[in-house]
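Undergrad: Okay, handing you the structure first.
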Amino acid sequence: MSKQLISSGTIWEKKFGYSRAVKVGKNVFVAGTTAVDEFGNIIGEDDPYVQASFVYRKIEKALQEAGSSLNDVVRVRTFVTDIKRWEEVARAQGEVFEEIRPAATLVEVTALVRPELMVEIEVDAVIQG
């Protein structure tokens, strides 16, 4: 079975030895994704809803490159730095997955790679058909 590596083109992927996503057969695994654009700028500082919404757009792009889509997502893992603001993150997830309804986990973590980041999301997808 072949493996396809999907890159978003950031310097961190090559430097730290990971891919934005990996496709193996009909399975697509999207790495933990944060609200950092291709220039290293944080999107939505101090706004977990904006960060999560931006992250889902990045995830959607990686899935599309793998020949998949958000409709194929079967698992979502969300990491937040402030559990008191979980509903803001969940609102973004609900907008994306209202009809898809994948299995989902949301947990609080002490910190993410940069202190301004409040949300990190990873997904697994299985391409239908």
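Residue numbers for the sequence shown, in the UniProt record's numbering: 1 to 129. All C-beta atoms in this analysis are idealised placements derived from N, C-alpha and C, irrespective of residue type, glycine included.
Three Cβ pairs or more, each shorter than 8 Å: is that satisfied between the segment 14-26 and the segment 90-100?
TA: Segments in contact, no.
Undergrad: Check R75 in the structure and name its three-state DSSP category.
TA: Note: R75 maps to strand in three-state DSSP.
Undergrad: Tell me the residue span of the beta strand (DSSP E) that contains V119.
TA: Run containing V119: 119-126, per the beta strand (DSSP E) assignment.
Undergrad: Taking the alpha-carbon of Q64 as reference, which of V107, P115, E13, F29 has the nearest alpha-carbon?
TA: Among V107, P115, E13, F29, the Cα nearest to that of Q64 belongs to F29.
Undergrad: According to DSSP, is V30 helix, strand or coil?
TA: DSSP places V30 in strand when its eight states are reduced to three.
Undergrad: Using DSSP bridges, identify the partner residues of V80.
TA: In DSSP, V80 forms a bridge with E108, V119.
Undergrad: Which residues mark the beginning and the end of the beta strand (DSSP E) in which A52 is found?
TA: Taken as a continuous stretch (DSSP letters only), A52 belongs to no beta strand (DSSP E), being part of the alpha helix (DSSP H) at 48-65.
Undergrad: Measuring alpha carbon to alpha carbon, tell me which residue in N71, P115, T33, K14 is nearest Q128.
TA: The candidate whose alpha carbon is nearest that of Q128 is N71.
Undergrad: Beta strand (DSSP E) containing V96: first to last residue?
TA: No beta strand (DSSP E) holds V96; the alpha helix (DSSP H) holding it covers 86-97.
Undergrad: How about A35 and G44: do their beta carbons lie closer than 7 Å?
TA: Taking 7 Å as the Cβ cut-off, A35 and G44 qualify as a contacting pair.
Undergrad: What do you reckon, are the CB atoms on P48 and R85 nearer than 7 Å?
TA: Yes, Cβ-Cβ distance for P48 and R85 is below 7 Å.
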